[in-house]
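Just add 552 to wherever you are in the sequence shown, counting from 1, and you've got the working numbering.
All remarks here apply to the structure that follows.
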Amino acid sequence: MIDRYFAPGGALEPGGPSTWYILGWDQRRIIAVTMDEEQESEDLAVKYLHKHIDTLGPDVYAIHLSPDGELVSVSTSPEDDETTCVYYPPLQTIQDQLSDPVTTVLRSDLIELDRLTPNVDLVSYTSYANPTNTKIIFKYYFLIQFLHKLWHEVNLWIRLPPHPNIVPFDRLVLDEIHGHIVGFTSLYIPGGTISENKSRVFKLKWLQQLICVIDDLNLRYGIAHQDVAARNLLVSPDTDGIMLFDFNYSGRIGDIRYDKDRNDVKGVIFTLYEIITRDTPFRDIPYVQQNPIDLERLEWVQHPDVKLDHPVAEYRSVLNEWVKRRDEKQISIYTEAPEYIDWPDFPKPPARERVFSDGCGNSTIVKGVPMVDMRRDVREQGLKVLNWQRPAQNKLGNGNHLLANGDTCYLPKTNLTGVF
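As structure tokens, then:
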């Protein structure tokens with residue numbers, strides 16, 4: 553269960569009332585929470601919504617709370633629905649840019665196995681989509697705030713050549729209404745991340761493999777990962793090799809998404825230090841203030857619970873030699889890389905007219921390219937809505953499982969052999 557919340561917006565009046573639109577990641581559902589007092593922060597609304605959310609019916613859009621967080625009223629009126637419908641690009645916007653056909657799957661052909669983090673689920677394919685019951689990771693978006701980040705991640709990852717130390721991209725995921733791109737899947741690697749599974753011996757060869765994959769990304773493809781950390785490193789049970797994943801902060805070196813303060817050499821230095829010492833305060837400060845020299849001056853004391861297959865000095869020697877080589881070999885712009893990877897900007901949706909009202913009976917027609925619509929407006933127009941809401945994870949059981957679109961399906965345990 554993802555016990556986390558996010559406030560994409562709200563309506564606040566000086567002195568009150570205050571309404572915060574709170575998204576519960578577990579149910580992928582927005583509820584408007586109103587309190588009579590002025591609330592400059594959404595913290596209290598989140599606290600009280602968490603108390604009530606499992607008791608609210610699926611058609612509740614808004615609640616009114618007393619000062620001590622008790623329910624005063626609930627609303628099932630569509631007028632109070634603050635859920636948005638974000639734009640999804642057609643398959644052709646990616647397919648037409650690639651020489652090879654893209655493998656796809658419908659969102660409704662994915663079976664939810666677990667909810668990992670916001671916008672990320674562990675799933676398997678239905679027998680129709682893939683009879684092998686392979687576990688995969690499904691990454692998606694349904695809020696405008698994550699639209700561009702996922703576009704860049706999917707376009708980068710799908711273009712990366714197969715690499716022994718990068719988690720393989722699997723398929724584009726399409727919605728079941730228009731066949732547009734809502735996300736993608738990547739191969740699931742069991743065993744947990746380096747950050748999660750601390751019982752393993754961290755091998756010197758894994759550091760060497762991490763160095764090699766970072767060199768390939770930076771110097772061969774012109775790509776900066778920009779989030780090198782133990783939480784983004786896995787170990788393949790088949791090859792016993794390190795595997796890097798999660799490219800949502802990645803960018804082309806020297807391009808608009810590139811941040812020199814998040815450079816990958818620095819990322820490897822801090823990651824190795826944290827793995828060996830389990831000392832994390834140096835990463836708790838903003839990236840611009842993180843200075844590798846601070847670590848170079850320290851004695852790296854191996855944490856008593858950390859297992860290594862070589863002395864700490866050998867790890868540092870390999871790291872220092874690599875840092876020196878990288879100081880002598882850099883690129884300033886991704887196009888200097890011999891096999892640089894490039895992709896188009898996010899495609900704009902077709903222009904259309906929208907009617908805006910001032911609330912006094914006057915309306916204005918404006919032509920534009922909106923990236924998001926209110927769900928209540930889409931439904932009022934009689935159009936189909938792509939649903940993301942799903943039941944609370946703690947309400948599932950008795951053979952009931954969910955498809956990735958939130959629909960319930962019954963799967964006997966005998967049909968789940970090899971899935972869980």
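Every residue gets a Cβ at the ideal spot worked out from N, C-alpha and C, and that includes glycine.
Bear in mind the structure is a predicted one, so any value in this text is a computation, not a measurement.
- A direct Cα-Cα distance of roughly 13 Å separates Ile746 from Val820.
- The beta-carbon separation of Lys755 and Asp861, rounded to 5 Å, stays under the 8 Å limit for a contact.
- Sequence-distant partners of Gln649 (beyond 5 residues in either direction) whose C-beta falls short of 6 Å from its own C-beta are missing from its chain.
- Judged by their CB atoms, Glu590 and Gly621 are not nearer to each other than the 9 Å cut-off.
- Comparing alpha carbon positions, the residue from Leu695, Leu623, Thr678 closest to Leu938 is Leu695.
- Between Thr737 and Asp722 a beta carbon distance of about 4 Å is seen, short of the 8 Å cut, so the two are scored as contacting.
- The residues Ser915, in chain order, have a CB closer than 7 Å to that of Ser909 in the same chain once the five nearest residues on each side in sequence are set aside.
- Here the C-alpha atom of Ser676 lies approximately 20 Å from the C-alpha atom of Asp790.
- Inter-residue distance for His855 and His777 is about 27 Å (C-alpha atoms, whole angstroms).
- Contact between Tyr867 and Leu759 holds: CB atoms are separated by about 6 Å, below the 8 Å threshold.
- Rounded to whole angstroms, the separation of the alpha carbons of Ile718 and Cys764 is 11 Å.
- Shown here, Gly561 sits in a strand according to DSSP, grouped into three states.
- Collapsing the DSSP output to three states places Asn952 in a strand.
- Look at Cys764 here: in three-state DSSP terms it is helix.
- According to the DSSP secondary-structure assignment, Glu664 is paired through a beta bridge with Val675.
- Residues Phe898 of the same chain have their beta carbon placed closer than 7 Å to that of Trp703, with the five preceding and five following residues left out of the count.
- In the DSSP assignment, Ala614 is bridged to Ala584, Ser627.
- When the five nearest sequence neighbours on each side are left out, the beta carbons in the same chain lying within less than 7 Å of the beta carbon of Arg906 are those of Val918, Gly920, Pro922, in order along the chain.
- Of all C-beta pairs linking the segment 554 to 568 to the segment 644 to 664, fewer than three are shorter than 8 Å, placing the two stretches out of contact.
- Per DSSP, the unbroken alpha helix (DSSP H) holding Trp709 starts and ends at 699 to 711.
- Taken in chain order, the complete beta strand (DSSP E) segments of 3 or more residues contained in the segment 780 to 841 are 785 to 787, 794 to 796.
- Note on Val706: 16 or more other CB atoms within 10 angstroms of its CB, so buried under the neighbour-count rule.
- Taking the CA atoms as reference points, Asn946 sits about 16 Å from Leu955.
- In this structure Tyr693 does not touch Val624 by the C-beta definition: roughly 33 Å separates them, more than the 8 Å allowed.
- For the pair Trp577 and Thr669, the Cα-to-Cα distance works out to about 8 Å.
- DSSP places Ile696 within a helical segment (H, G or I) once states are collapsed to three.
- Gly934 counts as exposed, since fewer than 16 other C-beta atoms from the protein chains shown sit within 10 angstroms of its C-beta.
- Taking C-beta atoms under 8 Å as the contact rule, Ala889 and Arg711 fail to qualify, at a distance of about 13 Å.
- When secondary structure is reduced to three states using DSSP, Glu592 falls in the coil class, being assigned neither helix nor strand.
- Its chain contains no residue whose beta carbon lies nearer than 6 Å to that of Ile646 once the 5 sequence neighbours on both sides are disregarded.
- The closest CA to that of Ile689, considering only Pro720, Val870, Ala903, Trp940, is found on Pro720.
- For the beta strand (DSSP E) assignment, the uninterrupted runs of no fewer than 3 residues enclosed by the segment 840 to 918 are, from N- to C-terminal side, 904 to 909.
- For the pair Val817 and Leu796, the CB atoms are not nearer than the 9 Å cut-off.
- Looking at the backbone, the Cα of Glu826 and that of Val725 are separated by about 35 Å.
- Counting other Cβ atoms within 10 Å of its Cβ, Lys691 reaches 16 or more and is therefore classed as buried.
- Per DSSP, reduced to three states, the secondary structure at Trp572 is strand.
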